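Peer 1: Structure in structure tokens, see below.
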Amino acid sequence: MGVRDLRIGVVGFGARGPLALEAHRPGAGAVVVAVCDPSERAQAQAREAFPGAPVTTDLAELLAHGVDAVMVLTPDDRHAAPVLAALEAGVAVFCEKPLAVRIEDTDRILTTARRTGARLYVGHNMRHMPVITVMKELIDSGRIGEVKAIWCRHFVGHGGDYYFKDWHADRSRSTSLLLQKGAHDIDVIHWLAGGYTRRVAAVGALTVYGDITDRADRSDQRMTEWFSLENWPPPEQRGLHPIVDVEDLSMMNMVLDGGVLASYQQCHFTPDYWRNYTVIGTEGRIENTGDAAGARVDLWNRRHDGAGEPDESFEVPAGIGGHGGADSMLITEFLRFVREGGRTETSPVAAREAVAAGIVATASLRGDGSALPVPPLESDLVAYFDAGQPGSRSAH
1024 MGVRDLRIGV VGFGARGPLA LEAHRPGAGA VVVAVCDPSE RAQAQAREAF PGAPVTTDLA
1084 ELLAHGVDAV MVLTPDDRHA APVLAALEAG VAVFCEKPLA VRIEDTDRIL TTARRTGARL
1144 YVGHNMRHMP VITVMKELID SGRIGEVKAI WCRHFVGHGG DYYFKDWHAD RSRSTSLLLQ
1204 KGAHDIDVIH WLAGGYTRRV AAVGALTVYG DITDRADRSD QRMTEWFSLE NWPPPEQRGL
1264 HPIVDVEDLS MMNMVLDGGV LASYQQCHFT PDYWRNYTVI GTEGRIENTG DAAGARVDLW
1324 NRRHDGAGEP DESFEVPAGI GGHGGADSML ITEFLRFVRE GGRTETSPVA AREAVAAGIV
1384 ATASLRGDGS ALPVPPLESD LVAYFDAGQP GSRSAH
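Just so you know, we're using this note's numbering here: the sequence shown kicks off at 1024 and counts up by one.
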């Protein structure tokens, strides 16, 4: 007798809806059996995507459908409530990143998961992105010695379309783009460095998009309807969100608990869109050029006179699906985790630490730029999640 499909409930079927489609694998491990979303448009799309699955606006009704797991794919400020409700019901949870937009909420979520024994998984898909896994393998194999510094430059060339025409532009919803957008990169920096940020200082400003007065309410639209490479140059963008009070240029410096120093720079009006990581160790350094399939990760581990050619180069392999195949691998790991438990590449503790670093960095840049401490998580919670959530409930 084969293993039955996991019954998946989906909360929020909007921009990250493709993750729910990825999880819908009838006869191959999982099936979406219910969707909860207040939007009539999202409801109609859910009915088309998952024929026969009830679609509701009531989370309690979704949980009553005997789901094994819930995927929370709502906007960031609406993560905590459904995540906590599902955990209290004893249901495994997939929460899209960031885990929450307040440190108190992240800690409540982790505390609730441990108390209830419900399994918690956070969708930091960049841990599965081929460019990152290539770099991680080089570091773990000792090719550059002990990591001492990580620099990340994030050229967010689509920033005007992606983040300044909907709720992301409103700090009351997103907190900041250092949190919302930067959570990915902060988590990757932590992962590559093997430590978490304990002190952070940041500067930032709204340098371009705040001067644009052409605004529009796009709440009835999806990003695909306004996105265009023809929206250029950035000062000529039109139809920005009615509220624009997040920074479009930010820089943060981090001191990690293992002694690694790191920096992250984020600009939302560059002509190109990619991430550049430089990782420097005691015996060399690595750096990526491009971050999609066919990009390179270059390695220098001999002395050079000037800007020497890399000693070795590694091509980033292609993947199938979103984010270089990372979305598919993320969902596969999540479904395995729901059934079997155990350790995963993603980490609820790391997800919390990325949020905490982003929030404290935001406080620094909106203050005087002074270095501020990042509050640590309780050691017993760290131990529980680092051990793979032992004793948590499996889906049968």
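Glycine is no exception: its CB is placed at the ideal position from the N, C-alpha and C atoms. Model, not experiment: these values are computed from the prediction.
Go ahead and pull the three-state DSSP assignment for Lys1204.
Peer 2: coil
Peer 1: Along the chain, which unbroken stretches of the beta strand (DSSP E) at least 3 residues long are found entirely within the stretch 1118-1177?
Peer 2: Every beta strand (DSSP E) stretch that sits fully inside the stretch 1118-1177 and reaches 3 residues is listed by chain position as 1143-1146.
Peer 1: Could you tell me the boundaries of the alpha helix (DSSP H) in which Ile1303 lies?
Peer 2: Note, Ile1303: premise wrong, no alpha helix (DSSP H); beta strand (DSSP E) at 1297-1304.
Peer 1: If we ignore side chains and look at the alpha-carbon of each, how far apart do Leu1143 and Trp1297 end up?
Peer 2: Between Leu1143 and Trp1297, the C-alpha separation is close to 30 Å.
Peer 1: Are the Cβ atoms of Gln1289 and His1181 separated by less than 8 Å?
Peer 2: no
Peer 1: Helix or strand or just coil, what does DSSP make of Ala1418?
Peer 2: coil
Peer 1: Check whether the stretch 1369-1384 touches the stretch 1215-1229, counting contact only when three or more Cβ pairs, one atom from each stretch, lie closer than 8 Å.
Peer 2: yes
Peer 1: What is the residue span of the alpha helix (DSSP H) that Ser1197 lies within?
Peer 2: Residues 1194-1197.
Peer 1: Taking Leu1082 and Asp1350 to be in contact with their CB atoms under 8 Å, please state how far apart those CB atoms are, rounded to whole angstroms.
Peer 2: Incorrect: roughly 24 Å between the Cβ atoms, too far for contact.
Peer 1: Should Met1275 be flagged as near chain C, meaning a C-beta pair shorter than 8 Å?
Peer 2: The displayed structure is made up of one protein chain only, and chain C is not part of it.
Peer 1: Count the other CB atoms, across all protein chains shown, that sit within 10 Å of the CB of Gly1331; report buried if there are 16 or more and exposed otherwise.
Peer 2: exposed
Peer 1: Using the three-state DSSP reduction, which class does Gly1183 fall into: helix, strand or coil?
Peer 2: helix
Peer 1: Once DSSP output is grouped into helix, strand and coil, what is the label at Ser1387?
Peer 2: In this structure, Ser1387 counts as helix in the three-state DSSP scheme.
Peer 1: Tell me whether Gly1205 is buried or exposed, calling it buried when 16 or more other Cβ atoms sit within 10 Å of its Cβ.
Peer 2: Buried, since its Cβ has 16 or more Cβ neighbours within 10 Å.
Peer 1: Write down every uninterrupted run of the alpha helix (DSSP H) in the stretch 1204-1229 whose length is 4 residues or greater and which is fully enclosed by it, in chain order.
Peer 2: 1205-1216
Peer 1: Excluding the five sequence neighbours on either side, which residues of its own chain have a C-beta within less than 8 Å of the C-beta of Met1024, listed in chain order?
Peer 2: No answer about Met1024 holds up, because its pLDDT of 48 lies below 50 and its placement is not dependable.
Peer 1: How long is the line joining the alpha carbons of Asp1210 and Leu1400, rounded to whole angstroms?
Peer 2: 15 Å
Peer 1: Could you work out which residue in Thr1129, Lys1120, Met1094, Glu1253 is closest to Asp994 when comparing CA atoms only?
Peer 2: Nothing in the structure corresponds to residue 994, since the chain is present only between 1024 and 1419.
Peer 1: The beta strand (DSSP E) that contains Leu1096, what's its start and end?
Peer 2: Counting along the chain, Leu1096 falls outside any beta strand (DSSP E), and DSSP gives it neither H nor E.
Peer 1: Have a look at Ala1072 and Gly1282 and give me their C-alpha separation to the nearest angstrom.
Peer 2: 48 Å
Peer 1: Three-state secondary structure (DSSP) at Thr1247?
Peer 2: helix
Peer 1: Glu1306 and Asn1299 - do their beta-carbons sit closer together than 8 Å?
Peer 2: Contact flag unset, no.
Peer 1: In the DSSP assignment, the beta strand (DSSP E) including Glu1335 goes from what residue to what residue?
Peer 2: DSSP places Glu1335 in the uninterrupted beta strand (DSSP E) bounded by 1335-1338.
Peer 1: Name the two residues that bound the continuous beta strand (DSSP E) containing Ser1286.
Peer 2: Counting along the chain, the beta strand (DSSP E) containing Ser1286 begins and ends at 1284-1290.
Peer 1: Which same chain residues end up closer than 6 Å to Pro1077 when comparing Cβ atoms and leaving out the 5 residues on each side of it in sequence?
Peer 2: Ala1057
Peer 1: Should Val1339 be labelled buried (16 or more other beta-carbon atoms within 10 Å of its own) or exposed?
Peer 2: buried
Peer 1: Is DSSP giving Pro1371 helix, strand or coil here?
Peer 2: helix
Peer 1: Would you say the stretch 1393-1410 touches the stretch 1372-1379, given that touching needs at least three Cβ pairs under 8 Å?
Peer 2: yes
Peer 1: Less than 6 Å between C-beta atoms, sequence neighbours within five positions excluded: which residues of the same chain meet that for Ser1199?
Peer 2: Val1269, Thr1385
Peer 1: Could you spell out where the alpha helix (DSSP H) holding Glu1310 opens and where it closes?
Peer 2: Note, Glu1310: premise wrong, no alpha helix (DSSP H); beta strand (DSSP E) at 1307-1312.
Peer 1: What does Asn980 pair with, by DSSP beta-bridge criteria?
Peer 2: Residue 980 is absent from the structure shown; the chain starts at 1024 and stops at 1419.
Peer 1: For Asp1240, count the other beta carbons within 10 Å of its own beta carbon; 16 or more makes it buried, fewer makes it exposed. Which is it?
Peer 2: Asp1240 counts as exposed, since fewer than 16 other beta carbons sit within 10 angstroms of its beta carbon.
Peer 1: In whole angstroms, what separates the C-alpha of His1264 from that of Val1145?
Peer 2: Looking at the two C-alpha atoms, the distance is approximately 28 Å.
Peer 1: CB Asp1189 to CB Met1246, shorter than 8 Å?
Peer 2: Contact: yes.
Peer 1: Please report the straight-line C-alpha distance between Phe1357 and Ile1167, rounded to a whole angstrom.
Peer 2: 31 Å
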